[in-house]
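So in UniProt numbering, spot 158 of the sequence shown is number 158, and the numbers just go up one at a time. Positions of the beta carbon are idealized from the N, C-alpha and C atoms, including for glycine. Remember, it's a predicted structure, so these values are computed and weren't measured experimentally.
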Amino acid sequence: MITPKFSCSQTDESVIASIYCPSVRATDVEIDVDDAVLTVHINPYFLRLSFPYSVVEDDKSSAQYDPSSGYLTITLTKSVKGQHFPDLDLLAKLLAPRPSRSHTRPSIEVLESRHTLADDIADISKRTDALSLDDEFAQAARNGWQLSQAIPDPASEFRTSSKRYYGFLDAFTGYFTHATHTENEINELGDDAEACNAEERRTRRIAHENEKWDEEHYMADYAEDEYIQELINWHNPDLTYAAELVITEDEKMAMLRLPRKEYIMDSFQEHNLYLTLITLMYAHAYDKRTTLNDPTAESAWTICNLVAPFSALDPPPYSPVELSGVALDFTDAELTSTLVTSYRRSLTFPLYRSFQLAERCRQDVAAAFRRGKRLITKYLLELKDILDHHDVYYVYSKIWVEDFCVWIQAGASDAVLVRIGEKLDALRVPKSAIGWDLGELEEATRFAVDRDSDSDDESVE
């Protein structure tokens with residue numbers, strides 16, 4: 001079956017679905033409405049849309065097919081007149097399958113039992129008599145079982161498979177088996193990309209950043225920053241709250257090509273997805289600002305280098321996370337550690353290396369998050385398009401960006417995105433957290449520039 005091109009709109013009383021299905025017979029169309037789900041089948045097209053609220057077929061509903069344009073227009077009545085249906089332009093959310101029913105514990109029926117209550121009591125008594133406590137446990141029992149405990153070593157985790165997983169929700173493996181035989185310049189794990197565990201990936205990533213860090217490059221960009229200041233002062237029209245966010249036809253087609261997936265995750269995994277999203281949006285903000293919103297042939301390389309989950313398969317959290325009683329609460333410490341990794345990479349790999357530029361990118365990310373998932377969706381689709389057109393780096397679109405494009409529409413929360421954006425806007429990343437004595441290097445650069453200036457003045461005299 002083919003998923004047709006479609007769009008949805010609404011009035012105070014109705015929801016209108018406009019479906020492009022040329023060269024079909026209107027008499028063959030099958031339309032079914034079940035609460036909030038609209039199903040349309042007209043060979044060879046099939047479409048199932050899940051609306052946020054229920055709709056009904058009544059006397060005011062209609063279905064009209066225009067053979068000249070090829071569009072089937074279905075008008076359904078809202079169950080609650082005047083109710084606003086959000087996100088009708090986020091097509092992946094409309095196409096997402098309905099959430100699975102919560103799993104219930106299976107009931108158990110005892111068919112036969114040959115044990116009596118007296119037998120059970122005797123067995124328990126026998127087992128209790130067989131128990132013995134050594135001195136340590138006896139002492140612990142007297143002290144309220146205050147046993148010494150230690151955090152288990154993650155490296156010692158028992159594994160039943162030699163495979164290592166990575167990517168969105170750790171759902172992928174085998175994509176880098178022959179990485180060294182490709183022109184993957186940003187792969188920091190080499191032949192071991194499929195063998196490294198999470199701890200080894202992080203260790204190698206940090207070592208690679210320290211190795212590639214170039215003090216002279218940083219000082220040169222700090223001393224002569226005229227062009228960097230132009231990049232910093234560039235105005236991104238998307239981040240203006242008055243700007244209208246319109247999903248283009250190309251973006252709608254890109255949404256239709258996304259896979260139909262349902263994600264099952266716990267609160268910890270969901271928490272980490274939002275942190276990973278920050279690293280993706282930071283890389284996008286850097287490339288968008290340094291190319292003045294005109295991606296180049298180097299954009300894919302730049303973006304992949306700036307995203308540690310790509311180059312080292314090392315996603316956040318980069319500091320210990322303690323989930324509080326408030327769902328999806330983000331502390332300044334974990335947001336700072338996430339940004340520090342992005343800052344370090346933006347000061348190490350791309351052409352323009354400036355802490356002030358890094359701060360400007362943080363502000364861009366904060367503004368994008370505050371605008372919600374519509375703008376984030378547009379930016380993720382831009383990232384996907386850049387990576388999909390690269391001969392090698394398309395793999396990162398497959399294992400990360402594609403699923404983010406689906407999840408951000410159907411699973412992410414605007415309220416959470418706005419809250420993260422507000423926190424990122426108020427956050428200040430200290431230079432000392434980067435680990436490369438940036439303050440001292442900048443002071444030394446200013447001293448050298450002032451000394452050269454004084455020398456030039458004396459020579460003129």
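Worksheet item: Around the C-beta of methionine 265, are 16 or more other C-beta atoms found within 10 angstroms, so that it is buried, or is it exposed?
Response: exposed
Item to complete: Pull up the CB-CB distance for leucine 245 and arginine 374, whole angstroms please, since I reckon it's below 8 Å.
Response: 5 Å
Worksheet item: What do you reckon, are the CB atoms on leucine 94 and valine 29 nearer than 8 Å?
Response: no
Practice prompt. Please name the residue or residues paired with cysteine 8 in a DSSP beta bridge.
Written response: Ala17
Fill in: Every unbroken alpha helix (DSSP H) within the stretch 273-338, with a cutoff of 4 residues, ordered by chain
299-306 and 308-311
Practice prompt. Evaluate the contact criterion for the stretch 205-224 versus the stretch 363-381: three or more CB pairs, one atom per stretch, below 8 Å.
Written response: no
Item to complete: Leaving out five residues on either side along the sequence, give the residues of the same chain with a beta carbon under 6 Å from the beta carbon of serine 62.
Response: Excluding sequence neighbours, serine 62 sits near Thr75.
Discussion item. In whole angstroms, give me the CA-to-CA distance for serine 14 and lysine 5.
Written reply: Across the structure, serine 14 and lysine 5 are spaced so that their CA atoms are roughly 20 Å apart.
Discussion item. Can you give me the C-alpha to C-alpha distance between phenylalanine 310 and serine 54, rounded to a whole angstrom?
Written reply: 41 Å
Fill in: Those residues which DSSP pairs with glutamine 64 across a bridge
Thr73
Worksheet item: Starting from arginine 48 and walking both ways along the alpha helix (DSSP H), at which residues does that stretch end?
Response: From DSSP, arginine 48 is part of no alpha helix (DSSP H) but of the beta strand (DSSP E) over 45-50.
Practice prompt. Could you have a look at phenylalanine 172 and say whether DSSP puts it in helix, strand or coil?
Written response: Strand at phenylalanine 172.
Item to complete: Return the bridge partner residues of tyrosine 166 from the DSSP annotation.
Response: Phe172
Item to complete: Label valine 365 either buried or exposed according to how many other C-beta atoms from any shown protein chain fall within 10 Å of its C-beta, with 16 as the threshold for buried.
Response: By the neighbour-count rule (16 or more Cβ atoms within 10 Å), valine 365 is buried.
Worksheet entry | Close-in-space but distant-in-sequence residues of the same chain around proline 52 (CB under 8 Å, 5 per side omitted) | Ala36, Phe85, Pro86 and Asp87
Practice prompt. Over the uninterrupted beta strand (DSSP E) stretch that includes leucine 38, give me the two end residues.
Written response: 37-42
Worksheet item: Just checking, does the stretch 265-281 make contact with the stretch 397-411 on the three C-beta pairs under 8 Å criterion?
Response: yes
Fill in: asparagine 305 beta carbon less than 8 Å from that of isoleucine 186
yes
Fill in: leucine 147 - DSSP class collapsed to helix/strand/coil
Reliability fails at leucine 147, whose pLDDT of 47 lies under 50, so the model's placement of it is uncertain and no value is given.
Worksheet item: When the Cα of leucine 381 is compared with those of Leu258, Ser50 and Asp192, which residue comes out closest?
Response: Leu258
Worksheet item: Which partner residues does glutamate 194 have in the DSSP bridge list?
Response: Glutamate 194 is not bridged to any residue.
Practice prompt. Starting from the C-beta of residue 550, find all residues in its chain whose C-beta is less than 8 Å away, skip the five residues before and the five after it, and write them out in chain order.
Written response: Lying before the first or after the last residue shown, residue 550 is absent from the chain, which here runs from 1 to 461.
Item to complete: Ignore the nearest five residues each way along the sequence and tell me which others in asparagine 43's own chain have a CB closer than 8 Å to its CB.
Response: Val24 and Asp28
Worksheet entry | Under the three-state DSSP convention, the category lysine 81 falls into | Coil, per DSSP.
Worksheet item: Out of curiosity, what's the CA-to-CA distance linking lysine 81 and proline 237?
Response: 36 Å
Fill in: Collapsed DSSP secondary structure at proline 152 in the structure displayed
In this prediction, proline 152 scores a pLDDT of 45, lower than 50, which makes its location untrustworthy; the coordinate-derived value is nonetheless stated afterwards. Residue state, collapsed to three classes: coil.
Discussion item. Is the separation between the beta-carbon of residue 482 and that of proline 317 shorter than 8 Å?
Written reply: Only positions 1 to 461 of the chain appear in this structure, which leaves residue 482 out of reach.
Worksheet item: What are the start and end residues of the beta strand (DSSP E) that includes isoleucine 31?
Response: Where isoleucine 31 is concerned, the enclosing beta strand (DSSP E) starts and stops at 30-34.
Item to complete: Classify isoleucine 264 as helix, strand or coil using the three-state DSSP reduction.
Response: coil
Item to complete: State the DSSP-derived secondary structure class of isoleucine 408, mapped to helix, strand or coil.
Response: DSSP places isoleucine 408 in the helix class (H, G or I) of the three-state scheme.
Worksheet item: In three-state terms, what does DSSP make of valine 24?
Response: If DSSP states are grouped into helix, strand and coil, valine 24 belongs with coil.
Practice prompt. Rounded to whole angstroms, what's the CA-CA distance from valine 56 to glycine 421? Just pull it up for me.
Written response: 38 Å
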